[in-house]
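Residue numbers (my numbering), protein chains in the order written: chain F, 716 to 1019; chain E, 81 to 581; chain X, 2 to 353.
Shown next as structure tokens:
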């Protein structure tokens, strides 16, 4: 087992799994901090994955694909805002509807545009290639993890400190936190919280879109029905666990991504695929239980 | 700044909250706006501040008619408001709270906290008020939070300051300090509006007083030209209900005994608390809100577990029992928060009235409900407690605050238990309902029940209690006997871990 | 009189707009795929309610049996304020248990059938209870816990029919057939199995339970305000677990209906891919959790799905349009029918 963890090729595969979860979770974190209970990350991711393939296929550029993915995510963010913020629909109901909408639209468009069911792969889909970082790639072990990943991985990595500083020191960051903590106070201060929440939703859509792009045009060069496969939900859990704080979020995403990667890896060791497929969800549950147990213990300690 | 409100009318759906009110506010004057709950005072000020929009009427500032599209406009024109429920972000620092929505920004929209600090240092020097800017607001005391709110207003260079019930959460001594600050503002030429329902304060600090009732302006005049009685009559629209007289009565056996109870809360636990409650007496627990009263109540009723200590109810120790078992042993509970804890607003009046009933067989047959019996029960409460509602099948949310509270009181008192725990039982209800609820509590006492009255309203505690315990900082700081004479002693105990008076 | 008339118009107008919005979105999708609109619409109607001797209507009813069943299961949880979105897992647990018991247990067919149905209900209840225990004793919010539990049971089922109980000669990932004597009979002259009778029974139970029992009354109070329920001394934890068990048992029953009425074995993905559980959830949300309207809403969504299949046959519109239509309906209706859910769901109950 230890051999496996220290195997550089295993370690190098972790970022592929971390990136979509991290990007989606960062988006979800913005919503969480802004007081929008967005559990439609699964749908956002899926839509992004499809739009990325669409953009890349028709333009021949992964960057256009990523842009299309961001736009698609933002479009869903706009839908969320329209029905939750403006029309006052319940956020859980809206989330469930958006998850279904994404599942429906992607399969529908898959047939309507490409005339295939299940999956679409084509040489015309151009994916992100590995980005080699000079100097860093020469560092043993670490270099193999940090270098040679997709551009989206570096974007995700950069987003963590950026979001931390943004929330702590930026005007909009301050207002996002206020919208989530005490929206009424923000309104009394003269800033309409729903506007701030709309911005958070759009940014969340863009980030999730990028996460989807990582799934479809960086990890592989194809789109499969329902290819987000629960990662959006894992991102939701990561957000809830960390209450949307960027750094803890990063480490949780790293953990979930590593388990995801590990489950892929141990398939080669003769364990039935069904059991390895289960691992990310069981790991998520275990982390949930462990963290709440730890928090309860700490809360007891505090009062003593 | 001179402000004129002309013919203001505000409607919420079919309800007219403010009806054709005209009012002037002069610079360098402290203007008291009084009236009972629901009279429209807060709505009128929210309108002036841009939080609600008028159906008719105009706002004129220094001779120029203004229309706000949001509070931001009002703030930009020099208005500032300290709301009754503080508009603060608990997890943010004092500094972040003060600059929020008025942030000095540098490059890329990042906040220039250093510039904000410099301005606040200047303000602190000028007005002599200061708070540690790096503290998290959630860890401040109530009066410190109010100071933060006032700093927010000053930071925005407000010329007109509106304070909505600013003294409700303060001890008498903290109130004095606040009034000093307000006089300081008056001297600096600012206009101040203070919304209140406490006549003593009006007489103490106001230059001009306006009285509202049922959405209308009853009178507006200089304080010198009116009298306390005249204002009081204006508030209630007639004579005040006469002061309640307490029937002399010897207290009976101990029915509730609390020994060294401690209950968890954020930071340090509450307690240890010990006291006895006897049949036929009302024991008041006074104190500024947030000094451990709500934790104590949750521990007594079984909503939260005790960390240590014991509770005996009618001679039986109940500290390990759950809510239902304690209720069955003879405890009723009127919670402070009728919207969430006292009632299920989405359910009907009947469903609310029958909840938590002990005599289950009276309204069920096996597992099935007998709707007729439930309706009859609800109708009886509606009549006995003079609740104004369409009927037992109306949704609880359709009732006014006072009637909601009467339903909660009715449901709990009808259970006829030895002990009644009443937590701020008249919070935010109209004078009629307050008087009625006080009467019912007193009737229960006279008929030999024991009432534990937890209230942050000092007047209420003094008017009703046979004995008064004062809570400060999670412990009982002293006990005094009831009655008006001891007001000062109670006030002193409310802000120190003093020795019993 | 005048006044009520005006009021009615004011109430109806927003609904008219809603219908118009939904219709124009569907129309836009049809135009996007270049389908002949007239044929598509008649195909939809035929697919949902027509067919030779109403064969398609029977298909709609057969699908309703599952969707309404899931909706009833979800409704009981939601009304109690329990955001149990793990119906899928409970359904799979039930279907799996039903199939395996029927294959493994020897005995007279009726006994086997009864045992299998009981086993399915127990399995569903157990899976739901697991989510409840995770919430109450381990601090995992029900919303998240119940959802995450969908995945392991799905893979367990997949493993069991891919390896130990696989019907290898069939070449598919599926179990052996259950004994033919245990199959649900068809209504005479139709291809509609009697599974729908079980759903109707469950529906009747749920209606009586919701409107007429003490337990239903108490769980509803808990659903409207958990703080209130605690304050008046209702046994909140016990109510939670009992409600989840009932919910899960009904979902398990639906799994058994699918096995004995439709597939006659457990096929990998047969309960997951058609999104029965999610359709059940949105059927409940569509009518704001009002019990008597839930079966109607469930039938409506079943008709949308079979109608979409008809549209595909008649006009070549991909039948996946059904999902889009459902989502759009929920989006537009969700903002009108207020389901007071999120105020307390998701964040856990802070009990931990």
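Quick reminder that beta carbons are idealized off the backbone N, C-alpha and C, glycines included.
- Flagged as an interface residue toward chain F: residue 155 of chain E, by a C-beta distance shorter than 8 Å.
- Per DSSP, reduced to three states, the secondary structure at residue 813 of chain F is helical.
- Cβ-Cβ distances below 6 Å link residue 571 of chain E to 252 in the same chain, with the five nearest sequence neighbours on each side left out; the list follows chain order.
- When CB distances to chain F are screened at a threshold of 8 Å, the residues of the stretch 131-145 of chain X falling below it are 135, 139, 140, 141, 142, 144 and 145, in chain order.
- What residue 389 of chain E touches in chain F, judged by beta-carbon distance under 8 Å, is nothing: the nearest beta carbon there is about 14 Å away.
- Distance from the CA atom of residue 31 of chain X to the CA atom of residue 310 of chain X, rounded to whole angstroms, is 14 Å.
- With respect to residue 964 of chain F, residue 1002 of chain F sits apart: the two C-beta atoms are not nearer than 8 Å.
- Looking from the CA of residue 171 of chain E, the closest CA among E:225, E:325, E:388 and E:191 belongs to E:225.
- Scanning its chain for C-beta atoms nearer than 8 Å, with the 5 sequence neighbours on each side dropped, one finds around residue 224 of chain X the residues 79, 80, 81, 82 and 83, in chain order.
- Proximity of the stretch 193-205 of chain X to the stretch 56-70 of chain X meets the contact definition, three or more beta-carbon pairs being nearer than 8 Å.
- Linking residue 212 of chain X to residue 218 of chain X through their CA atoms gives a straight-line distance of about 7 Å.
- With its beta carbon at least 8 Å from every one in chain E, residue 959 of chain F lies outside the interface.
- In the DSSP assignment, residue 86 of chain E falls within the beta strand (DSSP E) that extends over 83-92.
- Under DSSP, residue 396 of chain E forms a beta bridge with E:393.
- Interface annotation, residue 151 of chain E: in contact with chain F, CB-CB separation under 8 Å.
- Per DSSP, the continuous beta strand (DSSP E) segment holding residue 530 of chain E begins and ends at 530-534.
- Partner residues in a beta bridge of residue 740 of chain F, as assigned by DSSP, do not exist.
- Rounded to the nearest whole angstrom, the CA to CA distance from residue 247 of chain E to residue 255 of chain E is 6 Å.
- Among the residues facing chain X, residue 996 of chain F is included, as its CB has a counterpart in that chain under 8 Å away.
- For the set X:336, X:276, X:99 and X:141, the Cα lying nearest the Cα of residue 321 of chain X is the one of X:276.
- Among the residues facing chain X, residue 449 of chain E is included, as its CB has a counterpart in that chain under 8 Å away.
- By the criterion of at least three beta-carbon pairs nearer than 8 Å, the stretch 984-1000 of chain F is in contact with the stretch 942-959 of chain F.
- About 6 Å separates the CB atoms of residue 274 of chain E and residue 110 of chain E; that is less than 8 Å, so the two are in contact.
- Within 7 Å of the CB of residue 171 of chain E, the CB atoms of chain F belong to 896, in sequence order along the chain.
- The DSSP-derived three-state label of residue 347 of chain E is coil.
- Assignment of residue 402 of chain E by DSSP, reduced to helix, strand and coil, places it in the coil class.
- Shown here, residue 183 of chain E sits in coil according to DSSP, grouped into three states, outside any helix or strand.
- If one requires a minimum length of 4 residues, the alpha helix (DSSP H) runs lying completely within the stretch 141-209 of chain X are 143-149 and 151-163, in chain order.
- In the DSSP assignment, residue 298 of chain E falls within the beta strand (DSSP E) that extends over 296-302.
- Contact between residue 117 of chain X and residue 102 of chain X holds, with the beta-carbon distance rounding to 4 Å and staying under 8 Å.
- DSSP, reduced to helix, strand and coil, places residue 160 of chain E within a strand of the structure shown.
- Within 10 angstroms of the beta-carbon of residue 279 of chain X lie 16 or more other beta-carbons, which makes it buried.
- Only buried fits residue 427 of chain E, as 16 or more other CB atoms lie within 10 angstroms of its CB.
- Bridge partners of residue 341 of chain E according to DSSP: E:353.
- The count of Cβ pairs closer than 8 Å, one atom from the stretch 290-310 of chain X and one from the stretch 47-59 of chain X, reaches three, so the stretches are in contact.
- Identification of residues in the stretch 224-246 of chain X having a C-beta nearer than 8 Å to some C-beta of chain E yields 225, 226, 228, 229, 230, 231, 232, 233, 234, 235 and 236, given in sequence order.
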